[in-house]
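Okay, so here's the structure we're looking at.
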Amino acid sequence: MVPPRPALSFDHLGFVIAVLIGIALFAAPFATYRATRIASGEARLVIEALPFSMAAALALVALGVALGAVLARDPLGRLGSAVIGLAVLLPSLGLSAGYLTPADNNFARVSPSLGFWLLSLSFSLLAVDALARMRLGPFGRLAALAVGASALALLLLSGIWDDLSILKEYDTRADSFWREARQHLLLAFGSLAAACLFGIPLGVASHRLRTLRTAVMQSLSIVQTVPSIALFGLLMAPLGAVAASVPLAAALGIRGIGAAPAFFALFLYALLPIVANTVAGLNQVPAAVVDAARGMGMSARQRLLGVEMPLALPVILAGIRIVLVQNLGLATVAALIGGGGFGAFVFQGIGQTAIDLVLLGALPTVALSFGASVVLDALVDLSKGTTPA
Amino acid sequence: MIEIDRLTKRYGATLVVEDVSFNVEEGTLTVVVGTSGAGKSTLLRMINRLVEPSAGRVLIDGEDTRTIPEDELRHRIGYVIQGYGLFPHRNVADNIATVPRLLRWDRKRIAQRVEELLDLFQLDPAEFAHKFPHELSGGQQQRVGVARALAARPALLLMDEPFGALDAVIRSKAQDDLIAIQRRLGATIVLVTHDMNEAFHLGDRIAVMDQARLLQYATPAELLMRPADDFVERLVGTVERPFRLLSLTPVREALEAGHAEGEPIAASESLHDALSRLLWTGRKALPVADSSGAIIGRVSVDKILQHGRPLP
Ligand SMILES: Nc1ncnc2c1ncn2[C@@H]1O[C@H](COP(=O)(O)OP(=O)(O)O)[C@@H](O)[C@H]1O
Ligand SMILES: [Mg+2]
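Residue numbers (this note's numbering), protein chains in the order written: chain E, 415 to 803; chain Z, 111 to 422.
Structure representation (C-alpha cells):
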C-alpha cells in the first residue's frame, strides 16, 4: 500500500522561490523613479514605493505565497496561492506608479525594478510549476493561456497601469505601436507561411529523392549558420539590384532595405526546420504501413495525403513551432535594416538609452513567443491524437 | 485459377526469383515455404505487382495481370504482411473500410461489410469498431489486418508471414481461425512462411523455394513421401517425418472394427492426436466416433504405426 502523503512537506523548488521572494521584498528595489524619461533612476524599496498599508498587504501576501511554496503539496493550492500573489502584485505596481509620481508631473517616470521582476518571476514560476504538475492536456493548457492573456488584457485596459513609464511610452506612440505590431506579425507569420508553402513540398520531394535530400539539407544548414545581421546584410545587395533593374519589383516594395530582405532572411532561416522536420516526419512513418497502403492499391497521392502526411504531422508541427518562436524573436532584428516590427522600439530605445522604450518592444515579443509556443505545443499534442506517444 | 508462369526477378546481376511456375486452384490455400532470403516475398509481391517481374507473367482466371492498371489490380487482391501495417491514425472500422472506400462503395454498404467482417473475426463491433490499432492485442491486430484485406471480397489473398509477430499459443489459434475462414469463404490464398510446421498445418499444397528457385510444388503428403531432392528432404525434417505424416492423416483412414475402452476420438481428428492420446493414457486402442457422436469402431496403436511410414 502507498503510504498516505502528508499534506505539507518540504519542497526544493518552493525553497528557491521563497528565497527569491525574501530578497525581492527586503533587499531589492521594487520600482525605479526618474525625474525625466532619460534621467538616471532612483531605487525605491517596497516600503517606499507604496502607501504603508499597501506595502504591508503586499509583503504579507508574498510571505504567504513563500510559505505555501515551501510547504504545500497540492498543485491546485500552489496554483491558487501563485494566482493570488500575482493578483495583488500586478495592480500594486500600477498603484506604486501613481503614488510615486508627483501630481501634475508629466515628465517623471516610474518603472518596475528588480524587486518587482523577482516577485513576478517567483509567482509565475510557482504557477507554471503547479500547472506542469497538474499535467494538463492540450485543451487545459490552451485554457490556462487564455485565462492568463485575458487577465493581462484586463489589467492593460483597466487603466491601473497607465502611470507606468512603459505605458506612457506607449501612449505617445500608440499609432506606431500597432503599426509595428502588425509589421512584426506579418514578418513572422508571413515568412513562416511562405516557408511552409515552399518547404513542405520540398521536404516531400527530398524524402522521395535521396540525392535531392543531401543537396537541400547541406545548403540549408549553411544558411542556418550565417548570423542574422550578416544575412540581412547579404540580402541587401541582390535585392537592391533587383529593385533597381526591375521596376515592377520596386513597385511591389522590394528594395535593398526594408521589409523585403528581412522577410526573405526569415524565410531562409525557417526553411531548414520545416524541410528537415518534413523529411524526418515522413521517415518515421512505419515502412509496413506504407507497404500495406501500396499493397491495397492506394495511389501515390492517396498515400501521401491519407497516410504519410497525417502520420508525419506531429513532427512537421514541431518544426513549425521552432520556426514560429524563432521568427518572432528574429523579426526584432529586422528593424536594423528598416524592416520595422517591435525591434524598431528596441533599437530606438537603445539609441536614446530609454530603457522603457526598449521594454515596449521587448515585452510584447516575449509574450508573443510564449503564447505561440504554448499554442503550438498544444497543436502538436492534438495532432498526435490517437497514435501512441 | 492463378497461373504463375516462369516468373523471374533480377536485381542487377543477382537472381532473386528464377523461373518459377505453378498454378493455384480456386478455393485452395497454397503455402510458399523456404529459408530466409529464398525469394518468397519477392515472388508474392510480383503477384500484385508491388515488384515488377523481370520476366514471366501472372494470370488470374486467364487474365494477364500486366493488362490491369496496378492500383486496380491491387484492389482485387488482398494483401497481409507481417506487422499488418494497420493505419495507426484510423480506427478499426476505418482501417477495414480502406479498399471499399477506394472503390467508392456507398456508406451503408461499407458499414454493413465492416460489421459483417468484425463478426466473422469474432470482434464485437460495438466494442472494437472505434478502437485504434494501438489499443488492440497482437492477435486482434492480426485479425483486423486480415479483415481489412478481405473487405472488398478479393479474388485472391496474399499473406506474407502473417503470423510472424504472434507468440506460439495465439499463433496456432490464429492458424486454425484462418483455415476455418478460408473454408467458409472458399477463399484462394497464397501464404508465405519460413516455418515448415505452419506450411504443413495450413497448406493444401506447398511450394518449397530455395535460392530463388522452386524446388518442389506438391501436396504435404507427397512432399513427405517423395521429396524432390535432399534439400527438400532435410527441410521437411527427417526426424519429424512420421509425425507429420500422422498429422496429415485423419483417424478414419486407420479405422478398424472392434471395441475399445475410454473416451472416444472423432474420426476427423488426426492420427497424430490419436497416438498422443494413446501414449498418454497407456491404452492400446481408442473408440472412434463419427460427427454425430455414434461409435463407429476403434483405432489402435499398431494400425497407427503402419501409417507413419511411406507405403511400400
Ligand atoms: N529491392 C531489392 N534490391 C536488391 N535486392 C533485393 C531487393 N529485394 C530483395 N532483395 C534480395 O532478394 C533476396 C530475396 O528476398 P526476399 O524475397 O525478401 O526473400 P524471403 O522473403 O524469402 O526472405 C534477398 O537476398 C534480398 O536481399
Ligand atoms: Mg520475406
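We put the CB at the ideal spot given by N, CA and C, even for glycine.
Rounded to the nearest whole angstrom, the C-alpha separation of Val699(E) and Leu477(E) is 52 Å. With a threshold of 6 Å, the Cβ atom of Thr152(Z) counts as near ligand 1, since some heavy atom of the ligand is closer than that. Here Glu271(Z) is buried, its C-beta having at least 16 other C-beta atoms within 10 Å. Leu233(Z) and Arg253(Z) do touch by the CB rule: their CB atoms are close to 6 Å apart, below 8 Å. Shortest gap from the CB of Tyr189(Z) to any heavy atom of ligand 1: 6 Å or more. Judged by the Cβ position, Val130(Z) fails to qualify as a neighbour of ligand 1 at the 6 Å threshold, every heavy atom of the ligand being at least this far.
Around the beta-carbon of Val279(Z), fewer than 16 other beta-carbon atoms lie within 10 Å, marking it exposed. Here Leu507(E) is buried, its C-beta having at least 16 other C-beta atoms within 10 Å. Among the bridge pairs identified by DSSP, Pro526(E) is matched with Ala445(E). Interface flag for Asp181(Z) against chain E is set, since a Cβ pair is found closer than 7 Å. Not a single CB atom of chain E sits nearer than 7 Å to the CB of Val409(Z). Interface annotation, Ser506(E): not in contact with chain Z, CB-CB separation never under 7 Å. Under the Cβ criterion of 7 Å, Ala706(E) is counted among the residues facing chain Z.
Contact between the stretch 119 to 129 of chain Z and the stretch 585 to 594 of chain E is absent: fewer than 3 CB-CB pairs across the two stretches fall below 8 Å. Of the residues assessed, Arg622(E) falls on the exposed side of the cut-off, its CB having fewer than 16 other CB atoms within 10 angstroms.
Approximately 24 Å separates the beta-carbon atoms of Met319(Z) and Pro420(Z); this is outside 8 Å, ruling out the contact.
Taking the C-beta atoms as reference points, Gln326(Z) is found nearer than 7 Å to Ala338(Z). Gly512(E) is a Cβ neighbour of Asp577(E), given a cutoff of 7 Å.
In summary, the residues of the stretch 718 to 733 of chain E whose CB is separated from some CB of chain Z by less than 7 Å are Val721, Pro724 and Leu725, in the order they occur in the chain. Counting along the chain, the unbroken beta strand (DSSP E) around Asp320(Z) starts and ends at Arg315 to Asp320.
As for any alpha helix (DSSP H) of minimum length 4 sitting wholly inside the stretch 579 to 638 of chain E, the runs are 579 to 586 and 588 to 622, ordered along the chain.
If you check the CB distance, Val209(Z) and Ala262(Z) come in under 7 Å.
CA-CA distance, Thr450(E) to Leu514(E), rounds to 13 Å. Residue side-chain check: Ala629(E) keeps its Cβ at 6 Å or more from all non-hydrogen atoms of ligand 1. Residue pairing of Phe132(Z) in beta bridges, as defined by DSSP: Ile114(Z). Residue contact check for Tyr121(Z) against chain E: no CB pair falls below 7 Å. The criterion of a C-beta distance shorter than 7 Å is satisfied by Gly188(Z) and Ala259(Z). The C-alpha of Asn158(Z) lies about 38 Å from the C-alpha of Asp383(Z). Around the Cβ of Leu333(Z), a 10 Å sphere holds 16 or more other Cβ atoms; the residue is buried.
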